[in-house]
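Comments concern the structure below.
2 protein chains.
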Amino acid sequence: MPSHGRDVHGATKAAECLSCYLKALCVPQGLSPDETALLDDLVFPPIRLEKREVLCVQEAPFDSLYAVRTGCLKQETAVEGAENLLTALWLPGDIIGCDAIGLGRYPGTVSALETATLCKLPFDQFEALTQRMPRLRRHLQRSISRAMHEERLSLHQLLCRTAEARLAYFLLAVSACFHRRGYSSSHFRLPMSRNDIGSYLGLTQETVGRTLAAYQNRRLLRVHGREYQLLDIARLERLASSTGRQKKL
Amino acid sequence: MPSHGRDVHGATKAAECLSCYLKALCVPQGLSPDETALLDDLVFPPIRLEKREVLCVQEAPFDSLYAVRTGCLKQETAVEGAENLLTALWLPGDIIGCDAIGLGRYPGTVSALETATLCKLPFDQFEALTQRMPRLRRHLQRSISRAMHEERLSLHQLLCRTAEARLAYFLLAVSACFHRRGYSSSHFRLPMSRNDIGSYLGLTQETVGRTLAAYQNRRLLRVHGREYQLLDIARLERLASSTGRQKKL
DNA sequence: CGTACAATTGAAGCATTTCAACGCCTGTGG
DNA sequence: CCACAGGCGTTGAAATGCTTCAATTGTACG
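Protein chains in written order, with our numbering: chain A, 211 to 459; chain B, 211 to 459.
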């Protein structure tokens with residue numbers, strides 16, 4: 211494990227972190243300048259991952275959280291008796307590793323879907339820092355709790371929905387995420403294969419493709435490879451929040 | 211909010227909590243006697259909820275965690291555009307409210323499926339206490355992180371599985387939970403209606419019933435109303451860990 | 001004993017998977 | 001330059017599994 215503190219990167223680190231447009235998402239609001247400086251010391255200079263490069267492998271000991279600055283990463287978990295399952299997807303502003311704290315190991319293999327940059331946050335140092343900055347820990351705890359609820363709710367909703375509703379839900383979630391980061395919410399590139407999407411939603415690649423084609427015929431969106439353009443978000447939202455099935459009275 | 215500390219219940223509280231067989235699950239291991247005493251002060255005397263009684267309603271401000279001592283509770287979340295969704299299920303030893311910390315509100319209405327007893331843990335006092343006992347907070351954080359991963363994984367697995375595999379998975383999870391608490395793992399009462407189970411797994415009540423009947427015909431288990439007896443756990447496990455579909459190549 | 005709710009069963013329709021075939025693009029090696 | 005392989009996406013047809021709807025039986029509780 212590399213040494214931390216003010217090393218050769220010391221001069222630029224604070225500047226980078228402060229200028230990072232994700233700052234508000236990674237760290238709690240309302241830290242004093244002193245506190246901010248302390249946190250900055252922890253954050254390593256951004257890591258760059260090329261497409262298909264691996265950040266961590268399943269079962270590797272957990273040691274760091276990572277904040278996504280740019281790009282898109284996926285987590286694949288191998289479960290016995292089945293092939294790999296795409297269990298998580300991270301876009302800019304997300305924090306990787308929250309699901310590894312309890313286990314002490316990374317619960318899946320994380321790799322970049324396209325060139326990505328990340329901030330590394332060694333967890334033991336982060337923990338030590340929270341002794342002096344309780345807000346920091348509370349912030350993380352809240353994020354995790356919130357993510358837990360959102361994920362629980364969305365997955366339970368998806369369980370009883372048709373492919374049509376699942377995909378609409380998924381695309382809108384991605385769209386909302388991009389929007390929050392300042393990107394366009396209606397026009398974006400999602401560098402996942404149909405297979406990846408299917409694995410994430412519990413569908414086959416054929417069904418994903420067919421459903422996208424059906425959307426296009428209905429002028430709800432346009433897809434070209436992995437470029438998506440949402441044309442009628444209101445209608446997509448209606449699709450996403452219905453089960454997709456004919457009402458049962 | 212009721213006052214805490216050594217009140218009329220002061221004399222019995224510590225004794226109750228120490229004798230609770232769930233203690234190892236609620237509190238971190240290795241606390242000193244002093245620390246244990248401090249924690250005991252926080253825990254209210256067990257609350258008793260009758261069947262169908264409500265612990266908290268959706269959107270109510272979050273103020274306490276609850277540890278389940280006996281009984282079984284469910285969480286129903288109302289989402290617009292659909293009927294209620296059963297989003298969580300708690301058995302003895304589980305902690306209620308982890309998904310409310312981030313939101314600051316309870317994300318669903320929690321009610322007892324049968325008579326239940328609970329320990330109430332006011333969260334602000336718990337937070338204050340963690341200042342003196344970092345282990346306590348770390349313990350909670352780990353539990354939450356672990357639960358997050360387990361839930362993420364299991365729900366993603368369920369998404370691509372047949373009713374047969376979903377039910378087997380569910381019954382084994384319940385069985386394992388009872389086993390961990392010292393109850394029989396093969397013979398238990400699960401006081402949920404077919405509808406509840408269906409809502410939790412994203413199936414209809416008819417499918418749940420039919421699948422249970424099919425299990426019975428294959429001598430995998432016996433069901434009588436809400437009494438379950440697992441006869442062939444090994445075979446159920448094989449069912450649960452396969453998708454239930456004919457292999458794709 | 002009767003009502004209300006829960007569970008079961010049957011039949012029909014629908015959605016998704018499976019399997020197979022094809023087109024497209026990219027990179028590789030001749 | 002072309003030929004070709006491999007990955008990815010698309011499309012079609014058949015089979016499977018689940019839902020829907022409706023009718024019936026069973027069970028709990030006044």
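Note that the Cβ used here is the ideal one computed from N, Cα and C, for glycine as well.
Reference L265 of chain A; option with closest CA among A:H397, A:A326 and A:D304 = Counted from its first residue, the first sequence places residue 265 of chain A at position 55. Answer by Cα proximity: A:A326.
query = Is there a Cβ from chain A that is less than 8 Å from the Cβ of A357 of chain B?
reply = As a first step, residue 357 of chain B is located in the second sequence; it is residue number 147 there, counting from the start. It does: the Cβ of A357 of chain B has a partner Cβ on chain A nearer than 8 Å.
Sequence-distant residues of its chain with Cβ nearer than 8 Å to R262 of chain A (five each side left out) = Taking the first sequence and counting its residues from 1, one reaches residue 262 of chain A at position 52. Once the five neighbours on either side are set aside, the close Cβ partners of R262 of chain A are S321 and A322.
query = Exposed or buried, L440 of chain A, counting other C-beta atoms within 10 Å across all chains shown (16 or more means buried)?
reply = Numbered from 1 along the first sequence, position 230 holds the residue referred to as residue 440 of chain A. Buried.
request  = Would you mind reading off the limits of the alpha helix (DSSP H) that contains R404 of chain B?
outcome  = Residue numbering aside, residue 404 of chain B sits at position 194 when the second sequence is read from its first letter. That run of the alpha helix (DSSP H) goes R404 to L411.
query = So with Cβ pairs under 8 Å, would you call P344 of chain B a contact of chain A?
reply = The residue labelled residue 344 of chain B in the question sits at position 134 within the second sequence. Chain A, which has a Cβ nearer than 8 Å to the Cβ of P344 of chain B, makes this yes.
request  = Give the secondary structure of T414 of chain A by DSSP, where H, G and I count as helix, E and B as strand, and everything else as coil.
outcome  = As a working mapping, residue 414 of chain A is identified with position 204 in the first sequence. Of the three classes helix, strand and coil, the one that applies to T414 of chain A here is coil, per DSSP.
task = Would you please verify whether the beta carbon of T297 of chain A is less than 8 Å from any beta carbon of chain B?
result = In the first sequence, residue 297 of chain A corresponds to position 87, counting from 1. Judged by the 8 Å Cβ criterion, T297 of chain A is in contact with chain B.
key: Inter-residue spacing [alpha-carbon to alpha-carbon] between V289 of chain A and D251 of chain B   = As a first step, residue 289 of chain A must be located in the first sequence, where it is residue number 79. As a first step, residue 251 of chain B must be located in the second sequence, where it is residue number 41. Taking the straight line joining both Cα atoms gives about 43 Å.
key: For F398 of chain B: DSSP bridge partner residues   = Working through the second sequence from its first residue, we reach residue 398 of chain B at position 188. Answer by DSSP bridge pairing, in chain order: B:Y438.
ask   = When DSSP labels each residue in this structure, what does L248 of chain A get in the three-state scheme?
value = Reading the first sequence from its first residue, position 38 is the one you call residue 248 of chain A. The answer is helix: DSSP assigns L248 of chain A an H, G or I state.
message = Need the endpoints of the beta strand (DSSP E) that R279 of chain A sits in, please.
response = If you number the first sequence from 1, residue 279 of chain A lands on position 69. Boundaries of the beta strand (DSSP E) harbouring R279 of chain A: S274 to T280, taken from the DSSP string.
key: Neighbour-count burial assignment, R448 of chain A, 16 or more Cβ in a 10 Å radius   = Taking the first sequence and counting its residues from 1, the one referred to as residue 448 of chain A is at position 238. Looking at its Cβ environment, which holds fewer than 16 other Cβ atoms inside 10 Å, R448 of chain A is exposed.
query = Does the region 340-358 of chain A come close enough to the region 304-315 of chain A that 3 or more CB-CB pairs lie under 8 Å?
reply = yes
task = Within its chain, find whatever has a CB closer than 6 Å to the CB of T414 of chain A; leave out the 5 residues flanking it on each side and keep chain order.
result = Here residue 414 of chain A refers to the residue found at position 204 of the first sequence. Excluding positions up to five away in sequence, the list reads G408.
inquiry  = Check whether the region 384-396 of chain A and the region 335-353 of chain B touch, using three or more Cβ-Cβ pairs below 8 Å as the test.
reply    = Of all C-beta pairs linking the region 384-396 of chain A to the region 335-353 of chain B, fewer than three are shorter than 8 Å, placing the two stretches out of contact.
ask   = Contact check, V278 of chain A vs L328 of chain A under 8 Å by CB: the rounded distance?
value = Against the first sequence, residue 278 of chain A aligns to sequence position 68. Against the first sequence, residue 328 of chain A aligns to sequence position 118. At roughly 6 Å, the Cβ-Cβ gap stays under 8 Å, so V278 of chain A and L328 of chain A are in contact.
key: Cutoff 6 Å; reference R376 of chain B; Cβ partners in own chain excluding five residues on either side   = Locating residue 376 of chain B in the second sequence gives position 166, where the first residue counts as 1. Closer than 6 Å at Cβ, skipping near neighbours: L368 and L411.
ask   = So which residues of chain A does E260 of chain B contact, with C-beta pairs closer than 7 Å?
value = Along the second sequence, one-based indexing puts residue 260 of chain B at 50. Under the 7 Å cutoff, chain A gives no residues; its nearest Cβ is about 26 Å from E260 of chain B.
request  = Taking the CB atoms as reference points, tell me whether R347 of chain B and T297 of chain A lie closer together than 8 Å.
outcome  = By one-based count along the second sequence, residue 347 of chain B stands at place 137. By one-based count along the first sequence, residue 297 of chain A stands at place 87. For R347 of chain B and T297 of chain A, no; Cβs fall outside 8 Å.
request  = Please work out which residues of its chain come closer than 6 Å, Cβ to Cβ, to W300 of chain B, disregarding the five sequence neighbours upstream and downstream, and give them in chain order.
outcome  = On the second sequence, residue 300 of chain B is found 90 positions in, with the first residue counted as 1. Contacts found: V278, L283 and I306.
query = Does the separation of the CB atoms of T417 of chain B and A450 of chain B fall below 8 Å?
reply = By one-based count along the second sequence, residue 417 of chain B stands at place 207. By one-based count along the second sequence, residue 450 of chain B stands at place 240. Not a contact, by the Cβ cut-off of 8 Å.
inquiry  = What does the alpha-carbon distance come out to for the pair I443 of chain B and D273 of chain B?
reply    = Numbered from its first residue, the second sequence carries residue 443 of chain B at position 233. Numbered from its first residue, the second sequence carries residue 273 of chain B at position 63. Straight through space, the alpha carbons of D273 of chain B and I443 of chain B are spaced by roughly 40 Å.
query = Could you check where the alpha helix (DSSP H) with T340 of chain A kicks off and where it finishes?
reply = Here residue 340 of chain A corresponds to residue number 130 of the first sequence, with the count starting at 1. Per DSSP, T340 of chain A belongs to the alpha helix (DSSP H) from F333 to R342.
query = What residues of chain A sit near I354 of chain B, judged by a beta carbon separation below 8 Å?
reply = Translated into the one-based positions of the second sequence, residue 354 of chain B becomes position 144. Under the 8 Å cutoff, chain A gives G312, Q351, I354, S355 and M358.
request  = Could you check what DSSP says for N294 of chain B in three-state terms: helix, strand or coil?
outcome  = Reading the second sequence from its first residue, position 84 is the one you call residue 294 of chain B. DSSP places N294 of chain B in coil when its eight states are reduced to three.
Within chain A, partners of C308 of chain B - CB distance below 8 Å = By one-based count along the second sequence, residue 308 of chain B stands at place 98. Under the 8 Å cutoff, chain A gives S355 and M358.
request  = Please compile the residues from chain B whose C-beta is within a distance smaller than 7 Å of the C-beta of C370 of chain A.
outcome  = Indexing the first sequence from 1 puts residue 370 of chain A at position 160. Here the neighbours are G412.
message = Could you pull the DSSP bridge partners for P271 of chain B from this structure?
response = Stepping through the second sequence from its first residue, residue 271 of chain B is reached at position 61. Checking the DSSP bridge columns, you'll see P271 of chain B partnered with B:R315.
ask   = From what residue to what residue does the beta strand (DSSP E) around R258 of chain A run?
value = Taking the first sequence and counting its residues from 1, one reaches residue 258 of chain A at position 48. Segment I257 to L259, the beta strand (DSSP E) holding R258 of chain A.
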